[in-house]
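The next block holds one structure in the form of structure tokens; read it before the comments.
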Amino acid sequence: MTTSPPKSAAHPAIEFVGVRKDYLSHGEAVPAVRSLDLAIGQGEFFSLLGPSGCGKTTTMRMVAGFEEPTAGRVMLDGRDVTGVAPNKRDVNMVFQSYALFPHLTVRQNVAFGLERKKVAKAEITRRVGEMLEIVSLTGMEKRQPREMSGGQQQRVALARALVNHPRALLLDEPLGALDLKLRQQMQIELKRIQREVGITFVYVTHDQGEALTMSDRIAVMNSGLIEQLGSPRDIYERPSTRFVAGFIGTSNLIDGRVSWADQGYAVIDKGSGERVVVPVPGTVPVGRDLEVSVRPEKIDLHRTLPSGVTGSLLSGTVTEVVYHGTSTNYTVATSDGTDLVVFDQNAHDAEDVASRGERVFLTWAPQHSYPIGV
Amino acid sequence: MDRVKRTLTPYLLVLPGGLWLLLFFAVPMATMLSLSLQEGDIVNGFVFTGHWQNYVDSISAYQTQLIRSLVYGAITSVVLIVLAFPVAYWIAFYGGRKKATYLFLILLPFFVSFVLRTISWRMLLTDDGVLLHPLKEAGLLPADFQVLGTATAVIAGLVYSFLPFMVLPIYVALERIDPRVVEAARDLYASPLTSFRKVIFPLALPGVFAGVLMTFVPATSDYVNSELLGSSETTMIGQVIQSQFLSNSDYPSASALSFTLMTVLLIGVFSYARALGTEDVMKVAAR
Numbered sequence: 001m002t003t004s005p006p007k008s009a010a011h012p013a014i015e016f017v018g019v020r021k022d023y024l025s026h027g028e029a030v031p032a033v034r035s036l037d038l039a040i041g042q043g044e045f046f047s048l049l050g051p052s053g054c055g056k057t058t059t060m061r062m063v064a065g066f067e068e069p070t071a072g073r074v075m076l077d078g079r080d081v082t083g084v085a086p087n088k089r090d091v092n093m094v095f096q097s098y099a100l101f102p103h104l105t106v107r108q109n110v111a112f113g114l115e116r117k118k119v120a121k122a123e124i125t126r127r128v129g130e131m132l133e134i135v136s137l138t139g140m141e142k143r144q145p146r147e148m149s150g151g152q153q154q155r156v157a158l159a160r161a162l163v164n165h166p167r168a169l170l171l172d173e174p175l176g177a178l179d180l181k182l183r184q185q186m187q188i189e190l191k192r193i194q195r196e197v198g199i200t201f202v203y204v205t206h207d208q209g210e211a212l213t214m215s216d217r218i219a220v221m222n223s224g225l226i227e228q229l230g231s232p233r234d235i236y237e238r239p240s241t242r243f244v245a246g247f248i249g250t251s252n253l254i255d256g257r258v259s260w261a262d263q264g265y266a267v268i269d270k271g272s273g274e275r276v277v278v279p280v281p282g283t284v285p286v287g288r289d290l291e292v293s294v295r296p297e298k299i300d301l302h303r304t305l306p307s308g309v310t311g312s313l314l315s316g317t318v319t320e321v322v323y324h325g326t327s328t329n330y331t332v333a334t335s336d337g338t339d340l341v342v343f344d345q346n347a348h349d350a351e352d353v354a355s356r357g358e359r360v361f362l363t364w365a366p367q368h369s370y371p372i373g374v
Numbered sequence: 001m002d003r004v005k006r007t008l009t010p011y012l013l014v015l016p017g018g019l020w021l022l023l024f025f026a027v028p029m030a031t032m033l034s035l036s037l038q039e040g041d042i043v044n045g046f047v048f049t050g051h052w053q054n055y056v057d058s059i060s061a062y063q064t065q066l067i068r069s070l071v072y073g074a075i076t077s078v079v080l081i082v083l084a085f086p087v088a089y090w091i092a093f094y095g096g097r098k099k100a101t102y103l104f105l106i107l108l109p110f111f112v113s114f115v116l117r118t119i120s121w122r123m124l125l126t127d128d129g130v131l132l133h134p135l136k137e138a139g140l141l142p143a144d145f146q147v148l149g150t151a152t153a154v155i156a157g158l159v160y161s162f163l164p165f166m167v168l169p170i171y172v173a174l175e176r177i178d179p180r181v182v183e184a185a186r187d188l189y190a191s192p193l194t195s196f197r198k199v200i201f202p203l204a205l206p207g208v209f210a211g212v213l214m215t216f217v218p219a220t221s222d223y224v225n226s227e228l229l230g231s232s233e234t235t236m237i238g239q240v241i242q243s244q245f246l247s248n249s250d251y252p253s254a255s256a257l258s259f260t261l262m263t264v265l266l267i268g269v270f271s272y273a274r275a276l277g278t279e280d281v282m283k284v285a286a287r
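Residue numbers (the UniProt record's numbering), protein chains in the order written: chain A, 1 to 374; chain B, 1 to 287.
So this is what it looks like as structure tokens:
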């Protein structure tokens, strides 16, 4: 269930063809990227998301030319750039912690790439000025990087890369060093800038919130492989592997055996009227073990057994209540021993729905269950 | 009481070192300054007469040695930069986990006495020594070829003596460069050579600056290398001062020369700092 890249063009902006990357460690080849076939579309905001060591940074560095694949090819705009030096690749990078030139002013930093390309002086001045305006740094041309705040340095790094109009902009955890408030601000800003310049962005992050907020598509990586590729909604609502379900947001996983299946639905009977209803593609055999994921905000919490439940119904005991302002999070231990997390929006009542130790009933609609790996 | 303690603490901390400097630096300096303006001889004693002529006389008598020393010092520093930069660069960027070992190896010769090392050089460079003899035997060098006693030998000795003082500061400057900054240069279309020229070298400049300070001054005033490896043709100002003090007992002349050398070096260092834009260099270094 992947969406196609937004803009169709003759060639994808970036393409990986059968790419593998091994590192040598004590004479032994350790795979960083096992097998990668991926096309990133023109003008797309594409995120590589995963925990540290999943291969996302290596993947990005192979686009920039700082790493060469052990096998396979990397294409930029349909041109094979495998083995081409970084300075001869038409992509630019925004480094983690920015890597600004400490001995140069803001202006000199931003002009660095254009000067190397021997762009005319007047043209450089014009483009640098324009770019600094886009990142709201006009008037800071003469500053040294160390005289600026983290957020401002971040913008210089962005301007320094974008001013060259690269085929693609590579961003390596660019917001990691900023505090939360600034990070959220920059997320919106990055998205705006990307729309404005229309350049393909490849965004490496381990922060799922960031990836979900900004991306057109996300590739969730784990141990050198793409676990799932899709739109933020796909990834969040329909995680295709246990890893993705666990890595993206909070996910409840319920194990069980299919009791009966019919018309695209399977039911796991948990006894005494309790069950999990899950939509499945085609039919699944009765008796098959199934893992079902359900997001905490999809679950309704009741103190009394509700009537007319058509979807899933489980009962349990509240073991934890954590007030979060906009919502209250409950942990409920169900009768079969699974802990489920429920987010209850504090939309109407100031009071908690249930308190610790109380027996509660959990219900959710069939479409909010999602079978893992079916 | 606490307040008094707090205001006094910095002064108390400075006190021992300050006293030391006063006793062993300021007092001798003042004594020397006074000596340089005295007249007389060792037998009848010296009298302070404000005799500025000492400066004029000693400078005109030994200006050749003074200028030679500055030239040797400058050549030594330049040769040191050329030799030390690649070594420091290699250790900083390719030393891996063995960086400390390599630095230790650079420092290893220093565990042998300075004079002993220079004497060993003398044995290496002597006309029929282990180095020249085989080359002469093989007919690769003319029989009357000499190294010992030439300016080359003295400068080579100076370079050898001060190599670590150039390697270490350059290494420290290079080591502090974020490798990602170099990658950023490559990413922004700079070839390896351009990245070096535009990013690595400017960022290493504070180290080069420190290295020159730490080598030019002692190399210029050195007297051991020329004494052991040179000849009367290579006499340096340090040797002159030493012999004026210890052999000729002409204290005023020796003191005047010392002060002249110090002044010249200070002027040299400051104009060098000026030319390099130390303020910028120091700013970068302060990062």
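Glycine included, every Cβ here is placed at the ideal spot set by N, Cα and C.
Closer than 7 Å at the beta carbon, the chain B residues around residue i
i, result
"Pro86(A)", "Arg186, Asp187"
"Phe201(A)", "Result: empty, since nearest Cβ-Cβ is about 15 Å, beyond 7 Å."
"Thr113(A)", "First, the residue type needs correcting, since residue 113(A) is Gly and not Thr in the sequence shown. Simply Leu188, Tyr189."
"Ala29(A)", "Those within 7 Å of Ala29(A) in chain B number zero; the least Cβ separation is about 19 Å."
C-alpha distance - residue i paired with residue j, whole-angstrom precision
i, j, result
"Phe66(A)", "Thr82(A)", "11 Å"
"Ala219(B)", "Leu158(A)", "48 Å"
"Gly149(B)", "Thr118(B)", "13 Å"
"Asp234(A)", "Glu173(A)", "22 Å"
"Met282(B)", "Pro206(B)", "Any reading at Met282(B) is ruled out, since the residue's pLDDT is 47, under 50, leaving its predicted position unreliable."
"Thr283(A)", "Gly264(A)", "6 Å"
"Tyr198(B)", "Asp178(B)", "The sequence as given places Lys at residue 198(B); Tyr does not occur at that position. The alpha-carbon atoms of Lys198(B) and Asp178(B) are separated by roughly 15 Å."
"Leu48(A)", "Arg155(A)", "21 Å"
"Ile299(A)", "Phe343(A)", "7 Å"
"Phe16(A)", "Ser215(A)", "19 Å"
"Gly198(A)", "Pro232(A)", "20 Å"
"Trp20(B)", "Val27(B)", "10 Å"
"Phe259(B)", "Ala156(B)", "27 Å"
"Val204(A)", "Asp179(A)", "18 Å"
"Leu301(A)", "Pro281(A)", "28 Å"
"Ser243(B)", "Ser113(B)", "22 Å"
"Val220(A)", "Phe101(A)", "32 Å"
"Pro16(B)", "Phe24(B)", "12 Å"
"Arg288(A)", "Val318(A)", "30 Å"
"Gly50(B)", "Ser58(B)", "15 Å"
Minimum C-alpha distance to residue i - residue among the options
i, options, result
"Tyr171(B)", "Asp128(B), Val154(B), Phe85(B), Ser221(B)", "Phe85(B)"
"Val322(A)", "Arg79(A), Ser355(A), Ser307(A), Glu147(A)", "Ser355(A)"
"Ala184(B)", "Gly246(A), Ser25(A), Arg61(A)", "Arg61(A)"
"Tyr236(A)", "Ala266(A), Val202(A), Ser251(A)", "Ser251(A)"
"Gly230(B)", "Thr126(B), Ser60(B), Ala204(B)", "Thr126(B)"
"Val106(A)", "Gly139(A), Asn164(A), Gly308(A), Asp90(A)", "Gly139(A)"
"Phe361(A)", "Leu340(A), Leu169(A), Met93(A), Leu305(A)", "Leu305(A)"
"Ile254(A)", "Pro239(A), Ile124(A), Thr338(A)", "Thr338(A)"
"Leu188(B)", "Asp179(A), Asn109(A), Val30(A), Leu225(A)", "Asn109(A)"
"Leu314(A)", "Asp262(A), Gly41(A), Arg359(A), Leu171(A)", "Arg359(A)"
"Gly316(A)", "Pro296(A), Glu274(A), Gly43(A)", "Glu274(A)"
"Gly271(A)", "Glu68(A), Asp336(A), Ala365(A)", "Asp336(A)"
"Leu36(A)", "Asn346(A), Gly72(A), Gln153(A), Ala168(A)", "Gly72(A)"
Residues that residue i contacts on chain B, provided the C-beta gap is smaller than 8 Å
i, result
"Lys117(A)", "Tyr189"
"Ala13(A)", "Result: empty, since nearest Cβ-Cβ is about 17 Å, beyond 8 Å."
"Asn92(A)", "Asp187, Leu188"
9 Å Cβ cut-off: residues of chain B touching residue i
i, result
"Met148(A)", "Those do not exist, as Met148(A) stays about 13 Å from chain B at its closest Cβ, beyond 9 Å."
"Met131(A)", "Those within 9 Å of Met131(A) in chain B number zero; the least Cβ separation is about 13 Å."
"Arg160(A)", "Ala184, Leu188"
Listed by chain order, chain A residues near residue i by CB distance under 8 Å
i, result
"Asp178(B)", "Ser97, Ala99"
"Val172(B)", "Chain A residues near Val172(B): none, gap ~15 Å exceeds 8 Å."
"Val181(B)", "Ala99, Leu100, Phe101, Pro102"
Span of the alpha helix (DSSP H) around residue i
i, result
"residue 319(B)", "Outside the displayed range of chain B (1 to 287) lies residue 319(B), so it cannot be described from this structure."
"Phe361(A)", "First-last for Phe361(A): 359–364, but that is the beta strand (DSSP E), not the alpha helix (DSSP H)."
"Met32(B)", "27–35"
"Asn109(A)", "106–116"
"Ile199(A)", "Segment: none, Ile199(A) is in no alpha helix (DSSP H) and carries neither H nor E."
"Glu173(A)", "Careful: Glu173(A) lies outside any alpha helix (DSSP H) and carries neither H nor E."
Listed by chain order, chain A residues near residue i by CB distance under 9 Å
i, result
"Thr194(B)", "Asn87, Arg116"
The ligand FMN heavy atom lying under 7 Å from the CB of residue i
i, result
"Ser221(B)", "For the structure depicted, the ligand FMN is absent and the ligand set is empty, with no information on it obtainable."
Extent of the continuous beta strand (DSSP E) to which residue i belongs
i, result
"Tyr98(A)", "From DSSP, Tyr98(A) is part of no beta strand (DSSP E); its letter is neither H nor E."
Entirely enclosed alpha helix (DSSP H) segments - the segment 233–284 of chain A, minimum 4 residues: 242–247
Please go through the segment 158–233 of chain B and give each complete alpha helix (DSSP H) segment of 4 or more residues, from N-terminal end onward. 179–187, 192–195, 201–221, 224–229
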